[in-house]
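Reviewing the structure listed below.
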Amino acid sequence: MKNKLGIALLAFVVIITGSYILFNKLGGDNPVQISLVEKNPEPLTGIYYIGTPQDEKLKEAFEEIETQKSLHPGTFLHTIYEVEPAGKLDTMKVFIGLNQALSGEEFESRIFQEKQYLVAKIQSNKWVMPGPEIVKEQLMNFADSAKLTLTGIFIDKIITDNEVHVIAPVKD
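Numbering (the UniProt record's numbering), first residue to last: 1 to 172.
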C-alpha cells in the first residue's frame, strides 16, 4: 500500500515538474514589458466587422487583411476590439487592419491624434500568453503609477505567433 502511494506521489511530482518546465520553455514566465512611447500611434487601414464570432464574414475579413499584408511586406496585422463578445452568439465589433494605407471602398482608416502611447510587449507561445484582460490591467496599473490617463482603446499588433504588442493611446 505504501509502495503504491509513493509511486503515485512520485508520478504526481514528475508531472507537475514537467508541466512547469514546459510552461517555462513556452515563455509562460516571460514578463510583459511596458514602456511609454512619445509619438502618435501608427495610422491603420482596414475593415470593420460587426457580428458574431462564428460568422463566416469574420473569417473573410481576416483573410482579406492577411492577403493585403502579404502584398505589403513589413506591415503588421492590428486588431481593435471595440465590443468584445461575452459568448459565441453575442455581437462583437472589431477593426482588423494594417499599418499601411490601402485603397478600396471596403477599407476604412483609423488615425490616432494622441501624442504618446503605452506599449506592452508580450513574447511567449500563444498557449501560455497572458489573456487580454490581464494585459489591459497591467497597462492601466502602469498608467496609474505614471499618472497617465488612457483613452480606453487597446490595439493588438501581431508581430509573430509568439509576439504581440498591445498599444494603449494616452489622452493628451
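Where a beta carbon is used, it is the ideal one built from N, C-alpha and C, also for glycine. These numbers come from a predicted model, not from an experiment.
* Could you tell me which residues DSSP pairs with methionine 92 in its beta bridges? => Gly51
* To do: Go ahead and pull the three-state DSSP assignment for aspartate 161.
  => coil
* To do: Look at alanine 168 and leucine 118 and say whether their C-beta atoms are less than 7 angstroms apart.
  => yes
* To do: Figure out for me which residue from Ala120, Ile134, Pro130 and Lys136 has the closest Cα to the Cα of leucine 36.
  => Ranking Ala120, Ile134, Pro130 and Lys136 by Cα distance to leucine 36 puts Ala120 first.
* Validate contact between the region 85 to 96 and the region 42 to 54 using beta carbons, cut 8 angstroms, 3 pairs -> The region 85 to 96 vs the region 42 to 54: in contact.
* With glutamate 80 and isoleucine 155 assumed to form a contact (beta carbons below 8 angstroms), what rounded beta-carbon distance in angstroms separates them? -> Note that residue 80 is isoleucine in the sequence shown here, rather than glutamate. Isoleucine 80 to isoleucine 155, Cβ: 5 angstroms. Contact.
* Contacting residues, own chain, Cβ-Cβ under 6 angstroms from histidine 72 (five flanking each side not counted) -> Gln100
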